[in-house]
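When we follow the working numbering, the leftmost residue of the sequence shown carries the number 3, and every step to the right adds one.
Quick notes on the structure that follows.
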Amino acid sequence: MEVGTTVAAQKAAALKEKIYESSARFQQIRSEIKRVIIGHEETIDLILVALLCDGHILLEGLPGVAKTTLAKTVAEILGLQFKRIQFTPDLLPSDLIGTMVYNQKTGDFEVRKGPIFAHIVLADEINRAPAKVQSALLESMQEQQITIGLETYHLEKPFLVFATQNPIEQEGTYNLPEAQIDRFIFKLVMGYPTYEQEKLLLSGWYLDKKVHQVLNKDELLQTKQLAEAVYVDELIIDYLARLVDATRHPERYGFHDFVRFIQHGASPRATLSLFYSSRAHAFLQRRYFVIPDDVKAVATAVLRHRIKVTFEAEAEGFSVERIISAILSGVSTP
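Structure (C-alpha coordinates):
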(Lines of atoms letter the chains of each structure in order from A and count residues from 1; the text may use other names and numbers.)
(Lines give C-alpha, C1' and ligand atoms only; values in the text may rest on other atoms or scores of the structure.)
Protein backbone atom coordinates (compact mmCIF):
# COMPACT_ATOMS: atom_id res chain seq x y z
CA MET A 1 0.00 0.00 0.00
CA GLU A 2 2.86 2.33 0.89
CA VAL A 3 4.65 1.51 -2.36
CA GLY A 4 1.56 2.36 -4.39
CA THR A 5 1.12 5.62 -2.52
CA THR A 6 4.78 6.52 -3.10
CA VAL A 7 4.55 5.82 -6.83
CA ALA A 8 1.38 7.92 -7.12
CA ALA A 9 3.08 10.76 -5.25
CA GLN A 10 6.10 10.56 -7.55
CA LYS A 11 3.88 10.68 -10.64
CA ALA A 12 1.99 13.68 -9.25
CA ALA A 13 5.27 15.47 -8.50
CA ALA A 14 6.59 14.75 -12.00
CA LEU A 15 3.36 16.00 -13.58
CA LYS A 16 3.46 19.12 -11.43
CA GLU A 17 7.01 19.87 -12.57
CA LYS A 18 6.17 19.35 -16.25
CA ILE A 19 3.12 21.58 -16.00
CA TYR A 20 5.11 24.29 -14.25
CA GLU A 21 7.77 24.28 -16.97
CA SER A 22 5.36 24.11 -19.92
CA SER A 23 2.99 26.76 -18.58
CA ALA A 24 5.97 29.08 -18.24
CA ARG A 25 6.31 28.95 -22.03
CA PHE A 26 2.75 30.18 -22.32
CA GLN A 27 3.62 33.10 -20.08
CA GLN A 28 6.28 33.93 -22.68
CA ILE A 29 3.58 33.83 -25.36
CA ARG A 30 1.49 36.23 -23.31
CA SER A 31 4.45 38.59 -22.92
CA GLU A 32 5.08 38.55 -26.66
CA ILE A 33 1.44 39.39 -27.41
CA LYS A 34 1.65 42.30 -24.96
CA ARG A 35 4.50 43.74 -27.01
CA VAL A 36 2.02 44.81 -29.70
CA ILE A 37 -1.41 44.66 -28.02
CA ILE A 38 -2.38 47.31 -25.47
CA GLY A 39 -4.79 46.15 -22.78
CA HIS A 40 -7.24 43.27 -23.34
CA GLU A 41 -5.51 41.18 -20.65
CA GLU A 42 -8.52 38.94 -20.00
CA THR A 43 -9.07 38.39 -23.73
CA ILE A 44 -5.43 37.39 -24.21
CA ASP A 45 -5.57 34.96 -21.28
CA LEU A 46 -8.72 33.29 -22.61
CA ILE A 47 -7.24 32.98 -26.11
CA LEU A 48 -4.34 31.06 -24.57
CA VAL A 49 -6.89 28.82 -22.85
CA ALA A 50 -8.67 28.24 -26.18
CA LEU A 51 -5.38 27.26 -27.84
CA LEU A 52 -5.02 24.42 -25.34
CA CYS A 53 -8.59 23.25 -26.03
CA ASP A 54 -8.57 23.40 -29.85
CA GLY A 55 -11.39 25.88 -29.37
CA HIS A 56 -12.76 28.32 -31.93
CA ILE A 57 -13.27 31.90 -30.76
CA LEU A 58 -15.97 34.46 -31.54
CA LEU A 59 -14.56 37.98 -31.11
CA GLU A 60 -17.07 40.80 -30.82
CA GLY A 61 -15.95 44.40 -30.74
CA LEU A 62 -16.17 47.79 -32.33
CA PRO A 63 -13.93 48.64 -35.30
CA GLY A 64 -10.30 49.35 -34.52
CA VAL A 65 -9.91 47.48 -31.22
CA ALA A 66 -7.17 45.14 -32.57
CA LYS A 67 -9.22 42.01 -33.24
CA THR A 68 -7.37 41.21 -36.48
CA THR A 69 -3.97 42.18 -35.08
CA LEU A 70 -4.49 39.92 -32.09
CA ALA A 71 -5.29 36.84 -34.18
CA LYS A 72 -2.37 37.46 -36.54
CA THR A 73 0.04 38.02 -33.65
CA VAL A 74 -0.93 34.72 -32.01
CA ALA A 75 -0.20 32.89 -35.28
CA GLU A 76 3.22 34.55 -35.62
CA ILE A 77 4.26 33.69 -32.07
CA LEU A 78 3.34 30.04 -32.59
CA GLY A 79 4.78 29.78 -36.10
CA LEU A 80 1.40 28.82 -37.52
CA GLN A 81 0.00 29.50 -40.97
CA PHE A 82 -2.48 32.38 -40.85
CA LYS A 83 -5.18 33.28 -43.37
CA ARG A 84 -7.72 36.09 -43.25
CA ILE A 85 -11.06 35.81 -45.05
CA GLN A 86 -13.23 38.90 -45.43
CA PHE A 87 -16.82 37.69 -45.22
CA THR A 88 -19.14 39.58 -47.57
CA PRO A 89 -22.70 39.00 -48.87
CA ASP A 90 -21.34 37.87 -52.26
CA LEU A 91 -18.84 35.37 -50.83
CA LEU A 92 -19.17 31.83 -52.22
CA PRO A 93 -18.35 28.54 -50.48
CA SER A 94 -15.64 27.95 -53.09
CA ASP A 95 -13.98 31.22 -52.03
CA LEU A 96 -13.64 29.70 -48.59
CA ILE A 97 -12.84 26.03 -49.09
CA GLY A 98 -11.52 25.93 -52.66
CA THR A 99 -12.74 24.36 -55.88
CA MET A 100 -11.94 22.04 -58.77
CA VAL A 101 -10.04 23.73 -61.61
CA TYR A 102 -9.68 22.28 -65.11
CA ASN A 103 -6.09 21.96 -66.31
CA GLN A 104 -6.01 22.31 -70.10
CA LYS A 105 -2.51 20.82 -70.36
CA THR A 106 -3.33 17.57 -68.59
CA GLY A 107 -7.04 17.45 -69.37
CA ASP A 108 -7.79 16.75 -65.71
CA PHE A 109 -9.48 18.62 -62.90
CA GLU A 110 -7.18 19.70 -60.09
CA VAL A 111 -8.00 20.77 -56.56
CA ARG A 112 -7.27 24.38 -55.70
CA LYS A 113 -7.48 24.64 -51.92
CA GLY A 114 -9.01 27.73 -50.36
CA PRO A 115 -7.82 29.88 -47.44
CA ILE A 116 -9.59 27.63 -44.91
CA PHE A 117 -6.55 25.33 -45.20
CA ALA A 118 -4.52 27.12 -42.54
CA HIS A 119 -3.82 26.67 -38.84
CA ILE A 120 -5.45 29.91 -37.72
CA VAL A 121 -8.22 31.35 -39.90
CA LEU A 122 -9.62 34.81 -39.27
CA ALA A 123 -13.24 34.93 -40.44
CA ASP A 124 -13.65 38.69 -40.51
CA GLU A 125 -17.23 39.94 -40.04
CA ILE A 126 -18.56 36.41 -40.14
CA ASN A 127 -22.19 37.51 -39.89
CA ARG A 128 -22.05 39.15 -43.34
CA ALA A 129 -21.82 35.86 -45.22
CA PRO A 130 -24.87 33.98 -46.57
CA ALA A 131 -26.05 30.64 -45.18
CA LYS A 132 -24.21 28.47 -47.74
CA VAL A 133 -20.85 29.94 -46.75
CA GLN A 134 -21.63 29.61 -43.06
CA SER A 135 -22.54 25.97 -43.67
CA ALA A 136 -19.17 25.33 -45.30
CA LEU A 137 -17.41 26.97 -42.37
CA LEU A 138 -19.49 24.92 -39.93
CA GLU A 139 -18.28 21.67 -41.52
CA SER A 140 -14.66 22.71 -41.08
CA MET A 141 -15.22 23.75 -37.45
CA GLN A 142 -17.18 20.67 -36.49
CA GLU A 143 -15.56 17.90 -38.51
CA GLN A 144 -12.05 19.35 -38.98
CA GLN A 145 -12.42 18.44 -42.65
CA ILE A 146 -13.49 19.92 -45.97
CA THR A 147 -15.32 18.38 -48.93
CA ILE A 148 -14.32 19.56 -52.41
CA GLY A 149 -16.09 17.76 -55.23
CA LEU A 150 -16.19 14.10 -54.26
CA GLU A 151 -13.07 14.21 -52.10
CA THR A 152 -12.77 14.93 -48.38
CA TYR A 153 -9.65 16.62 -47.03
CA HIS A 154 -8.68 16.64 -43.36
CA LEU A 155 -7.46 19.94 -41.96
CA GLU A 156 -4.04 19.96 -40.37
CA LYS A 157 -3.95 20.40 -36.61
CA PRO A 158 -4.03 22.74 -34.87
CA PHE A 159 -7.00 24.34 -36.61
CA LEU A 160 -8.67 27.33 -34.99
CA VAL A 161 -11.19 29.83 -36.32
CA PHE A 162 -11.10 33.37 -34.98
CA ALA A 163 -14.41 34.88 -36.10
CA THR A 164 -15.08 38.59 -35.67
CA GLN A 165 -18.37 40.42 -35.71
CA ASN A 166 -19.30 44.05 -35.21
CA PRO A 167 -22.12 44.61 -32.71
CA ILE A 168 -23.31 47.93 -34.17
CA GLU A 169 -23.55 47.19 -37.88
CA GLN A 170 -26.85 45.57 -38.76
CA GLU A 171 -27.31 46.25 -42.48
CA GLY A 172 -26.15 43.47 -44.76
CA THR A 173 -25.70 40.98 -41.94
CA TYR A 174 -27.06 37.48 -41.44
CA ASN A 175 -27.90 35.90 -38.11
CA LEU A 176 -25.48 33.12 -37.24
CA PRO A 177 -27.17 29.72 -36.86
CA GLU A 178 -27.32 28.53 -33.27
CA ALA A 179 -25.54 25.33 -34.33
CA GLN A 180 -22.60 27.42 -35.52
CA ILE A 181 -22.53 29.73 -32.52
CA ASP A 182 -22.40 26.68 -30.26
CA ARG A 183 -19.18 25.55 -31.98
CA PHE A 184 -17.27 28.50 -30.52
CA ILE A 185 -15.74 27.63 -27.18
CA PHE A 186 -15.68 31.33 -26.18
CA LYS A 187 -17.35 34.56 -27.10
CA LEU A 188 -14.96 37.36 -26.17
CA VAL A 189 -15.99 41.00 -26.11
CA MET A 190 -13.26 43.54 -26.85
CA GLY A 191 -13.98 47.07 -25.72
CA TYR A 192 -12.24 50.42 -26.12
CA PRO A 193 -8.89 51.05 -24.42
CA THR A 194 -8.75 53.09 -21.23
CA TYR A 195 -7.61 56.71 -21.15
CA GLU A 196 -4.07 55.71 -20.11
CA GLN A 197 -3.92 52.95 -22.73
CA GLU A 198 -5.04 55.42 -25.39
CA LYS A 199 -2.18 57.76 -24.49
CA LEU A 200 0.24 54.86 -24.69
CA LEU A 201 -1.13 54.01 -28.12
CA LEU A 202 -0.55 57.58 -29.31
CA SER A 203 3.07 57.45 -28.18
CA GLY A 204 3.73 54.88 -30.91
CA TRP A 205 5.68 52.62 -28.54
CA TYR A 206 4.61 49.49 -30.41
CA LEU A 207 5.50 50.58 -33.96
CA ASP A 208 9.03 49.15 -34.04
CA LYS A 209 8.31 46.09 -31.92
CA LYS A 210 8.26 42.66 -33.50
CA VAL A 211 7.15 39.48 -31.83
CA HIS A 212 9.32 36.39 -31.60
CA GLN A 213 8.26 32.80 -32.09
CA VAL A 214 7.99 30.96 -28.77
CA LEU A 215 6.54 27.57 -29.75
CA ASN A 216 6.14 25.63 -32.95
CA LYS A 217 3.19 23.53 -34.07
CA ASP A 218 4.45 20.25 -32.61
CA GLU A 219 5.34 21.83 -29.27
CA LEU A 220 1.86 23.35 -29.05
CA LEU A 221 0.24 19.95 -29.63
CA GLN A 222 2.50 18.37 -26.99
CA THR A 223 1.60 21.09 -24.50
CA LYS A 224 -2.08 20.51 -25.21
CA GLN A 225 -1.67 16.83 -24.30
CA LEU A 226 -0.01 17.82 -21.04
CA ALA A 227 -2.85 20.21 -20.19
CA GLU A 228 -5.29 17.33 -20.67
CA ALA A 229 -3.57 15.53 -17.78
CA VAL A 230 -4.72 18.18 -15.27
CA TYR A 231 -6.85 16.53 -12.59
CA VAL A 232 -10.55 17.38 -12.32
CA ASP A 233 -12.19 16.17 -9.11
CA GLU A 234 -15.72 14.75 -9.00
CA LEU A 235 -16.81 17.72 -6.89
CA ILE A 236 -15.68 20.09 -9.66
CA ILE A 237 -17.50 18.00 -12.27
CA ASP A 238 -20.66 18.21 -10.16
CA TYR A 239 -20.17 21.99 -9.89
CA LEU A 240 -19.81 22.33 -13.68
CA ALA A 241 -22.99 20.35 -14.28
CA ARG A 242 -24.95 22.41 -11.75
CA LEU A 243 -23.84 25.71 -13.31
CA VAL A 244 -25.06 24.68 -16.75
CA ASP A 245 -28.23 23.13 -15.33
CA ALA A 246 -28.97 26.45 -13.62
CA THR A 247 -29.17 28.11 -17.05
CA ARG A 248 -31.87 25.62 -18.08
CA HIS A 249 -33.79 25.24 -14.80
CA PRO A 250 -33.02 28.39 -12.80
CA GLU A 251 -35.97 27.79 -10.45
CA ARG A 252 -34.18 24.73 -9.01
CA TYR A 253 -31.44 27.01 -7.71
CA GLY A 254 -33.60 29.82 -6.35
CA PHE A 255 -33.55 32.03 -9.47
CA HIS A 256 -37.32 32.12 -9.97
CA ASP A 257 -37.28 35.43 -11.88
CA PHE A 258 -34.91 33.96 -14.45
CA VAL A 259 -37.60 31.56 -15.68
CA ARG A 260 -39.14 34.44 -17.64
CA PHE A 261 -35.76 35.92 -18.56
CA ILE A 262 -34.11 32.86 -20.14
CA GLN A 263 -35.58 31.61 -23.41
CA HIS A 264 -33.24 28.64 -23.52
CA GLY A 265 -30.19 27.65 -21.53
CA ALA A 266 -26.76 26.38 -22.49
CA SER A 267 -26.26 23.16 -24.45
CA PRO A 268 -24.36 20.01 -23.39
CA ARG A 269 -21.49 21.30 -25.52
CA ALA A 270 -21.27 24.20 -23.06
CA THR A 271 -20.67 21.72 -20.24
CA LEU A 272 -17.83 20.12 -22.20
CA SER A 273 -16.38 23.52 -23.07
CA LEU A 274 -16.53 24.53 -19.41
CA PHE A 275 -14.72 21.31 -18.46
CA TYR A 276 -11.95 21.63 -21.06
CA SER A 277 -11.37 25.34 -20.55
CA SER A 278 -11.33 25.09 -16.73
CA ARG A 279 -8.66 22.41 -17.04
CA ALA A 280 -6.60 24.54 -19.43
CA HIS A 281 -6.97 27.58 -17.16
CA ALA A 282 -5.61 25.58 -14.21
CA PHE A 283 -2.66 24.54 -16.39
CA LEU A 284 -1.87 28.17 -17.23
CA GLN A 285 -1.98 28.95 -13.51
CA ARG A 286 0.73 26.28 -13.07
CA ARG A 287 -1.57 23.90 -11.21
CA TYR A 288 -2.15 20.21 -11.87
CA PHE A 289 -5.70 20.29 -10.50
CA VAL A 290 -8.81 22.41 -11.13
CA ILE A 291 -10.39 24.63 -8.46
CA PRO A 292 -13.71 26.56 -8.57
CA ASP A 293 -11.89 29.80 -9.43
CA ASP A 294 -10.77 28.22 -12.72
CA VAL A 295 -14.39 27.49 -13.58
CA LYS A 296 -15.51 31.01 -12.70
CA ALA A 297 -12.68 32.54 -14.75
CA VAL A 298 -13.95 30.97 -17.98
CA ALA A 299 -17.69 30.65 -17.31
CA THR A 300 -18.87 33.97 -18.76
CA ALA A 301 -16.93 33.49 -22.01
CA VAL A 302 -18.26 29.93 -22.34
CA LEU A 303 -21.91 30.72 -21.59
CA ARG A 304 -22.67 34.23 -22.90
CA HIS A 305 -23.33 33.13 -26.51
CA ARG A 306 -25.13 29.94 -25.53
CA ILE A 307 -27.87 31.45 -23.37
CA LYS A 308 -30.71 33.22 -25.17
CA VAL A 309 -32.56 35.80 -23.12
CA THR A 310 -36.15 36.92 -23.68
CA PHE A 311 -37.31 40.36 -24.79
CA GLU A 312 -38.64 40.80 -21.27
CA ALA A 313 -35.14 40.36 -19.86
CA GLU A 314 -33.75 42.96 -22.25
CA ALA A 315 -36.55 45.38 -21.37
CA GLU A 316 -35.78 45.05 -17.66
CA GLY A 317 -32.03 45.40 -18.15
CA PHE A 318 -31.11 41.78 -17.48
CA SER A 319 -28.26 41.11 -19.88
CA VAL A 320 -26.92 37.60 -20.34
CA GLU A 321 -23.76 38.63 -18.48
CA ARG A 322 -25.83 39.79 -15.51
CA ILE A 323 -27.67 36.47 -15.43
CA ILE A 324 -24.41 34.50 -15.59
CA SER A 325 -22.93 36.61 -12.79
CA ALA A 326 -25.96 35.90 -10.59
CA ILE A 327 -25.72 32.17 -11.30
CA LEU A 328 -22.01 32.12 -10.45
CA SER A 329 -22.75 33.91 -7.18
CA GLY A 330 -25.79 31.81 -6.29
CA VAL A 331 -24.74 28.26 -7.15
CA SER A 332 -22.79 26.79 -4.24
CA THR A 333 -19.12 25.97 -4.82
CA PRO A 334 -17.43 22.78 -3.59
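Each residue gets a CB set at the ideal place from its N, CA and C atoms; glycine is no exception.
Apart from sequence neighbours up to five positions away, the residues of its chain that approach LYS211 with a beta-carbon distance below 8 Å are ARG37 and VAL38, ordered along the chain. Distance from SER33 to LEU286 at the Cβ level is roughly 13 Å; contact not present, criterion being Cβ atoms closer than 8 Å.
The beta-carbon separation of HIS58 and LEU162, rounded to 6 Å, stays under the 8 Å limit for a contact.
In this structure, PRO294 lies near TYR241, with their beta-carbon atoms less than 8 Å apart. Fewer than three pairs of CB atoms, one per stretch, sit closer than 8 Å, so the region 262–272 makes no contact with the region 221–230. Where PHE313 is concerned, the enclosing alpha helix (DSSP H) starts and stops at 313–317.
PHE89 sits close to ILE128, with the two beta carbons spaced by under 8 Å.
In this structure, GLU112 is the residue among ALA15, GLU112 and PHE186 with its C-alpha nearest to the C-alpha of LEU152. The continuous alpha helix (DSSP H) containing TYR197 extends over residues 197–204. The alpha-carbon of ARG27 is positioned some 13 Å away from that of LEU228.
DSSP places GLU62 outside any alpha helix (DSSP H); the residue lies instead in the beta strand (DSSP E), whose first and last residues are 58–63. The C-beta distance from HIS307 to PHE164 rounds to 14 Å, too long to meet the 8 Å contact threshold. Straight-line spacing of the CA atoms in ASN218 and ALA77 works out to 10 Å. Per DSSP, LEU53 lies in no beta strand (DSSP E); the unbroken alpha helix (DSSP H) holding it starts and ends at 43–55.
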